[in-house]
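Structure first, then comments.
There are 2 protein chains.
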Amino acid sequence: MKAEAEQKEGGTAPADSARPDTKEVILDAAERLFAEKSYASVSLRELTAAAGVNLAAVNYHFGSKDALLVAVFRRGAVALNRERARLLREAEERAGGGTPPLREIVEALIAPAIRYSFTSNRLALYNQFVAFARGDGPPEAREMLDKDVGHLQRFVLPLARALPHLPQQEVYWRLHFVMGVQHSLYTDMKRLETLSGGQCHLDNLPAVTARVVDFVVAGLEAPHRVV
Amino acid sequence: MKAEAEQKEGGTAPADSARPDTKEVILDAAERLFAEKSYASVSLRELTAAAGVNLAAVNYHFGSKDALLVAVFRRGAVALNRERARLLREAEERAGGGTPPLREIVEALIAPAIRYSFTSNRLALYNQFVAFARGDGPPEAREMLDKDVGHLQRFVLPLARALPHLPQQEVYWRLHFVMGVQHSLYTDMKRLETLSGGQCHLDNLPAVTARVVDFVVAGLEAPHRVV
DNA sequence: GGTTGACGCAAACACTTGTTTGAAACTAGC
DNA sequence: GCTAGTTTCAAACAAGTGTTTGCGTCAACC
Chain A
-14 MKAEAEQKEG GTAPADSARP DTKEVILDAA ERLFAEKSYA SVSLRELTAA
36 AGVNLAAVNY HFGSKDALLV AVFRRGAVAL NRERARLLRE AEERAGGGTP
86 PLREIVEALI APAIRYSFTS NRLALYNQFV AFARGDGPPE AREMLDKDVG
136 HLQRFVLPLA RALPHLPQQE VYWRLHFVMG VQHSLYTDMK RLETLSGGQC
186 HLDNLPAVTA RVVDFVVAGL EAPHRVV
Chain B
-14 MKAEAEQKEG GTAPADSARP DTKEVILDAA ERLFAEKSYA SVSLRELTAA
36 AGVNLAAVNY HFGSKDALLV AVFRRGAVAL NRERARLLRE AEERAGGGTP
86 PLREIVEALI APAIRYSFTS NRLALYNQFV AFARGDGPPE AREMLDKDVG
136 HLQRFVLPLA RALPHLPQQE VYWRLHFVMG VQHSLYTDMK RLETLSGGQC
186 HLDNLPAVTA RVVDFVVAGL EAPHRVV
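Chains as they are written, first to last, in my numbering: chain A, -14 to 212; chain B, -14 to 212.
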């Protein structure tokens, strides 16, 4: 028997053969189901049935249901933050040491998330994970959230430089708002469809991205009012 | 015995004596716990213990746990939409038949929600309820969501008039974004606090409201780019 | 060819879940 | 003081939960 939930993490798990790769199949099913329904409402029996694996597979490969949720979140967060960092770095290189245009910074922040959501709507999982981590979840979960915020921190300085009219505190607040728009973009697209009488739906990815970027860039650039 | 979950709804339940008023106590506890943790993760035993009532009280007064969630959501939605409608009507009266200023429309839309969240952070419940209604929830839940969107519809025309540079479709999209900012304002304030190193927290209500309104008004007013 | 370790599988485990029951306690109305 | 209707309560119910167990299977290695 193998010890519970060991991480080999040595790269991206080559998957040399056409074998189903149980661990990854479980992660995929969990990501989808947890986002569609909710973590607590999805039973391991339902999950493993959807994934086409045995009931005991989750506890064997991940150790527990809680650990599976953490693993799901980690996989998504790593991919997302890696892509964000790459885009931001490229923008900074294009700027040649100066401050990149605000629009490019914002695109580096939210384009990966929107792209990711087109296939996996993982964003719907974020709020759930926050509640889980602050509630009965293991301490690991809270640490992961903090690490995720750490990656976000990478964007503060560029944003502050691109928004010289704002005090630092306001930059934090508005970054918070931007993340809000991003997170609830897909959590209920049904509302947008109902609201617009079917006029608005998820057309192509660049169009949606442009719409969101237009909105939040204008919000970020809003003048600062002393309250 | 009383039939399950009858609605007397005749006003606001006078509560003439100092009796705990079981039904309301349960709603309060459920609103708080469902928002803090999640609907599925809170057991009726935990909930009734927190509310200081007997375990069977939920099934007696509401019929089932599902029906309780619907009741919680309904109470909040009714209060919120009533207040929104009142503020919008007042703004329209001030405008004397013309179009109210964009800022006042936006304030009518989001100020009640922010005010409400200061005491009950019900907004964290919205996303959960959406997932519940689309998933295993009873058809009642879905109807309630649609009715909620109906109330939102009330804001479309005023917004469209105040934003003549936008085609109707864009108004829908941006209204969707505004709701996004509103909903994830409080869902994880912890992130904002961590991100800002404790600089940003929930100070007074008017300051937070002003910040949000500044942001979304600028976003709404952003020029329309043809994509 | 035999042995070792990793993995899949069906069955069972101990426990919690939402819900129901039947009787007790309480509150008016006459 | 009695009765009828409403609400509370402890106890039990059946069903579902996450987890563990023990054995079977397969591939790799000396």
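Even glycine gets a Cβ: it sits at the ideal position worked out from N, Cα and C.
Small disclaimer: the values here were computed from a predicted structure and weren't measured.
Please report whether the beta-carbon of residue i lies at a distance below 7 Å from any beta-carbon of chain A.
| i | result |
| --- | --- |
| T33/B | no |
| A(-12)/B | Its pLDDT being 43, under 50, A(-12)/B is placed unreliably by the model, and nothing is read from it. |
| G122/B | no |
| S26/B | yes |
| K(-7)/B | Per-residue confidence for K(-7)/B stands at a pLDDT of 35, beneath the threshold of 50, marking its modelled position as unreliable; the derived number appears in the next sentence. Output row for K(-7)/B: interface = no. |
| A(-2)/B | Confidence at A(-2)/B is low in this model, with a pLDDT of 36, below 50, so its placement is unreliable and no value can be given for it. |
| R88/B | no |
| F58/B | no |
So, are the CB atoms of residue i and residue j less than 7 Å apart?
| i | j | result |
| --- | --- | --- |
| A62/A | D133/A | yes |
| V57/B | A15/B | yes |
| I90/B | A42/B | no |
| R127/B | A116/B | no |
| A203/B | G204/A | yes |
| L177/A | H161/B | yes |
| L94/B | S102/B | no |
| V201/A | V163/A | yes |
| L32/B | L18/B | yes |
What's the C-alpha gap between residue i and residue j?
| i | j | result |
| --- | --- | --- |
| R67/B | T172/B | 23 Å |
| E9/B | E125/A | 37 Å |
| V197/A | A96/A | 9 Å |
| S23/A | Y45/A | 22 Å |
| P208/B | A195/A | 12 Å |
| V156/B | K175/A | 16 Å |
| F114/B | L72/A | 35 Å |
| R230/A | A35/B | With chain A running from -14 to 212 in the structure shown, residue 230/A is simply not present. |
| Q138/A | L180/B | 7 Å |
| N112/B | G83/A | 40 Å |
| P191/A | V193/B | 32 Å |
| S26/A | R79/B | 48 Å |
| L53/A | R59/A | 10 Å |
Does residue i have its Cβ less than 7 Å from a Cβ in chain B?
| i | result |
| --- | --- |
| D1/A | For D1/A, the predicted model reports a pLDDT of 41, less than 50, meaning its position is unreliable and no value from the coordinates is stated. |
| T172/A | yes |
| S169/A | yes |
| S23/A | yes |
| Q180/A | The sequence shown places Leu at residue 180/A, not Gln. Chain B contact via Cβ: present. |
| V166/A | yes |
| A126/A | no |
| H46/A | no |
| V52/A | Checking the displayed sequence, the identity of residue 52/A turns out to be Ala instead of Val. A52/A does not count as touching chain B. |
| A118/A | no |
| A207/A | yes |
| R30/A | no |
Interfacial residues, the segment 99 to 116 of chain B to chain A, with Cβ spacing under 9 Å: Result list: A109, Y111, N112, Q113, V115 and A116.
Every unbroken alpha helix (DSSP H) within the segment 24 to 71 of chain A, with a cutoff of 4 residues, ordered by chain: Runs of the alpha helix (DSSP H) lying entirely within the segment 24 to 71 of chain A and spanning at least 4 residues, in chain order: 29 to 36 and 42 to 47.
Residues of the segment 130 to 154 of chain B with Cβ closer than 8 Å to any Cβ of chain A, in chain order: Going along the segment 130 to 154 of chain B in chain order, one finds L130, D131, V134, L137, Q138, V141, Q153 and Q154 with a Cβ nearer than 8 Å to chain A.
Completely contained beta strand (DSSP E) runs for the segment 115 to 194 of chain B, where each covers 3 or more residues: As far as the segment 115 to 194 of chain B is concerned, it has no whole beta strand (DSSP E) run of at least 3 residues.
Members of the segment 61 to 82 of chain A near chain B, C-beta cut-off 9 Å: So nothing in the stretch comes that close.
Contact set between the segment 178 to 204 of chain A and chain B, restricted to residues whose Cβ is under 8 Å from the partner: Answer set for the segment 178 to 204 of chain A: T179, L180, S181, Q184, C185, P191, A192, A195, R196, V197, D199, F200, V201, V202, A203 and G204.
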